[in-house]
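Per our numbering, the very first residue in the sequence shown carries number 8; after that it's consecutive. All residues carry an ideal CB built from backbone N, CA and C; glycine is no exception. Because the structure is a prediction, the values reported are computed rather than measured. Read through the structure below, which is laid out as structure tokens, and then see the notes.
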Amino acid sequence: MSAKSLSIPDICDCRQGCGACCIAPSIVTPFVGMPEGKPAGVFCVHLDEDFRCRLYGSPERPSFCVSLKPSLEMCGRNREEAMEYLAQLEKWTSPRETSETVDQKFEV
Ligand code: SF4
8 MSAKSLSIPD ICDCRQGCGA CCIAPSIVTP FVGMPEGKPA GVFCVHLDED FRCRLYGSPE
68 RPSFCVSLKP SLEMCGRNRE EAMEYLAQLE KWTSPRETSE TVDQKFEV
């Protein structure tokens, strides 16, 4: 199996069909396909139809993504809890966002 064909559920305990951490957070550094970075609440262009990362295992995958590891705290019991947690985290940590602009992007 080549590194390019690996997907998140193959290697770790990510919830299949979730993708919350590829939607909710902002990625402030430019990366392939998203030269301005990724705004909070926007689907990453590299998410496939099954919510898997097409860049998994590639050196082009952003370091932010590599650093994220699944945990009960972040992932919760379901996708909705993960989106809610990550939206809250975005409010606490993003200098570009206000609570109001984040709330407008998430239906949590
Ligand atoms: S590059 Fe991959 S892991 Fe990072 S946000 Fe996009 S789909 Fe998710």
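Coil, strand or helix - residue i by DSSP
| i | result |
| --- | --- |
| L79 | helix |
| F50 | coil |
| F71 | helix |
| T100 | helix |
Residue i classed as buried or exposed, judged by whether at least 16 other C-beta atoms fall within 10 angstroms
| i | result |
| --- | --- |
| F38 | buried |
| P42 | exposed |
Whole-angstrom distance between residue j and residue i, CA atom to CA atom
| i | j | result |
| --- | --- | --- |
| L62 | C51 | 11 Å |
| P66 | R84 | 30 Å |
| I15 | A89 | Legend: pLDDT at I15 = 44, less than 50; position of this residue unreliable, value from coordinates given subsequently. Those two C-alpha atoms are separated by around 16 Å. |
| A94 | G48 | 8 Å |
| S33 | E91 | 14 Å |
Beta-ladder partner(s) of residue i, from DSSP
| i | result |
| --- | --- |
| C60 | L54 |
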